[in-house]
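Each remark here refers to the structure printed beneath this line.
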Amino acid sequence: MSEDTSNAEGLRVIKAGVHSTIQDLGRYGYAGHGLSQGGPMDLQAHCWVNRLLDNAPNDATLEIAIGMASFRAECDMMLAIAGADMQAELDGVVIGNWRSFVIKRGQLLKLHPARNGFRTYLGIKGGVQTKPMMGSCSAVVRNGLGNVISDGEMLPALRHSTRADAHVPPRYVPDYPDTIKLRVIASYQASDFSTKALRDFYQADYKVTAQSDRMGVRLMGNQIDAPSDGIISEGIALGSIQVPSEGQPIVLLNDRQTLGGYPKLGVVARIDLPKLGQATPGTMVSFSPITLSQAQQEWRQFCDYFSAL
32 MSEDTSNAEG LRVIKAGVHS TIQDLGRYGY AGHGLSQGGP MDLQAHCWVN RLLDNAPNDA
92 TLEIAIGMAS FRAECDMMLA IAGADMQAEL DGVVIGNWRS FVIKRGQLLK LHPARNGFRT
152 YLGIKGGVQT KPMMGSCSAV VRNGLGNVIS DGEMLPALRH STRADAHVPP RYVPDYPDTI
212 KLRVIASYQA SDFSTKALRD FYQADYKVTA QSDRMGVRLM GNQIDAPSDG IISEGIALGS
272 IQVPSEGQPI VLLNDRQTLG GYPKLGVVAR IDLPKLGQAT PGTMVSFSPI TLSQAQQEWR
332 QFCDYFSAL
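Okay, here's the thing in structure tokens:
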């Protein structure tokens, strides 16, 4: 890829959609300052977009929630799209999903409401060019960091040559069903919960509520008896399952607060979190245990494949 950024040509945002942000792998090393890590809610889709374009895993992509967004090319460029199926159209012609493609100057890319899943990722060859803040381009609205995309905005691109389209092999394309199972690594606080509370949790089905967002997914279902109303505040890991006093679990995600004082059953295996990032309100969720060693092995395989971390 060329390093020439003197030309401000790129992708013009015609309609930003419901909530579109720029995300790279996230902002690390600043939790002690109260800053959330951010990053893509569906790391798998983000990494596939960059792989299709021969980008680095940390190159910034556009995370588009729900859909209803459109973009016009101000130059010829390579794009890639993966994640929720938003029935992407190029000048009115359906182009499919989980692929890279050439868009010519003046052409219009339109994304419709998602048919399945919740978020799609749009990448540009060389990455979306935006200035990092504290080591990352990731937008975290609650911290006032990064960029929420707005109508009329230009997404600058590095100059690059175009090439033939590429697709994700079908066996690697995930499904986004309305029922998902997440695997849990037990936390040191799990032993504080009663045997009945743990049994109720693992045997229950929970529903994703409309109050969910990038901070966390609120679930509704079997009430879990928490061992206490609160604990001394401590750092919160990505995927932590906290149980407030009302007994409805919350899975904390990318834009979570850095400290919290509710007891936690465990943490969702990181390799499973993309399923939750694509879950729409009403999706049913169940949980099962996984050992730390098994979760680590699967995570290492993912990182080796994408060289993500």
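Add 31 to the 1-based position in the sequence shown for the numbering used here, that's all there is to it.
Note that beta-carbon positions come from the ideal geometry of N, C-alpha and C, so glycine has one too.
- DSSP lists G41 as the bridge partner or partners of P187.
- Fewer than three pairs of CB atoms, one per stretch, sit closer than 8 Å, so the segment 180 to 191 makes no contact with the segment 137 to 148.
- Counted as a single uninterrupted DSSP element, the alpha helix (DSSP H) harbouring V80 occupies residues 74 to 83.
- Around I211, the same chain offers K306, A310, T314, V316 as residues with beta carbons nearer than 7 Å, after the five sequence neighbours per side are excluded.
- Per the C-alpha coordinates, the member of D260, G148, S67 positioned closest to C168 is S67.
- Each of Q273, H198, G148 was checked against the Cα of A111, and the nearest Cα belongs to H198.
- In the DSSP assignment, G278 forms no beta bridge with any residue.
- By alpha-carbon distance to T193, the top candidate from F132, F333, G158 is F132.
- Closest in alpha carbon position to N86, among G297, G157, R190, E40, is G157.
- At a Cβ-Cβ threshold of 8 Å, P144 and S243 do not count as neighbours.
- Looking at the backbone, the Cα of T322 and that of R202 are separated by about 26 Å.
- In chain order, L283, R287, Q288, T289, L290, G291 place their CB closer than 7 Å to the CB of I267, counting only its own chain and leaving out the 5 sequence neighbours on each side.
- By the criterion of a C-beta distance shorter than 7 Å, S225 is surrounded in its chain by D256, once the five residues flanking it on both sides are discounted.
- In this structure, Q273 is the residue among P208, M251, G148, Q273 with its C-alpha nearest to the C-alpha of A221.
- Of the other Cβ atoms in all chains shown, fewer than 16 fall within 10 Å of the Cβ of E265; this residue is therefore exposed.
- Between P71 and Y152 a beta carbon distance of about 7 Å is seen, short of the 8 Å cut, so the two are scored as contacting.
- About 7 Å separates the Cβ atoms of I97 and G48, confirming a contact at the 8 Å cut-off.
- Its Cα nearest to that of R214, the residue L304 stands out among Y59, A91, G60, L304.
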